[in-house]
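One structure below.
In our numbering, the protein residues as written are 10 to 137.
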């Protein structure tokens, strides 16, 4: 993949740095300016109809684990589900990161977990 340097305003870079240091930024799994900028551009292009590559891919679900591949981080996240309503992502070390939200938004996974008595916490239900 080729790369090209792009200038970004110092005020925008300061905002990105503040985001990376925040609890929210850490919970999302971002580790660098590049990751934040690429995700922002990717979301913009997707909303404009110029990008269709999904960031997450559901790999497998077994017992109380859901495996998600994150193409941005190029890593697999294991989401652990405890009953009745606990979750944990081993990649982010968080109970409610974007990997957890994605895993719980997969209809097949949500249905299987509901049959086992899992109740998705309100704050983890993705907006439609």
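A virtual CB, placed ideally from N, CA and C, is assigned to each residue, including glycine.
Predicted model, so just to flag it, every value in this text is computed and none were measured.
Whole angstroms are fine: how far does the CA of residue j sit from the CA of residue i?
i, j, result
"residue 40", "residue 99", "15 Å"
"residue 107", "residue 64", "11 Å"
"residue 114", "residue 44", "23 Å"
"residue 94", "residue 74", "14 Å"
Between which residues of its own chain and residue i is the CB-CB distance below 7 Å, once the five residues before and five after are set aside?
i, result
"residue 111", "65 and 77"
"residue 18", "none"
What whole-angstrom Cβ distance do residue i and residue j have, given they're in contact under 8 Å?
i, j, result
"residue 82", "residue 38", "6 Å"
Could you check where the alpha helix (DSSP H) with residue i kicks off and where it finishes?
i, result
"residue 108", "107-114"
"residue 53", "42-56"
Helix, strand or coil, according to DSSP, for residue i in the structure here?
i, result
"residue 92", "coil"
"residue 23", "helix"
"residue 118", "helix"
Once you ignore the five residues that flank residue i on each side, which residues in its own chain have a CB closer than 8 Å to its CB?
i, result
"residue 79", "38, 64, 65, 85, 86, 100 and 108"
"residue 158", "Only positions 10 to 137 of the chain appear in this structure, which leaves residue 158 out of reach."
Could you check where the beta strand (DSSP E) with residue i kicks off and where it finishes?
i, result
"residue 76", "74-79"
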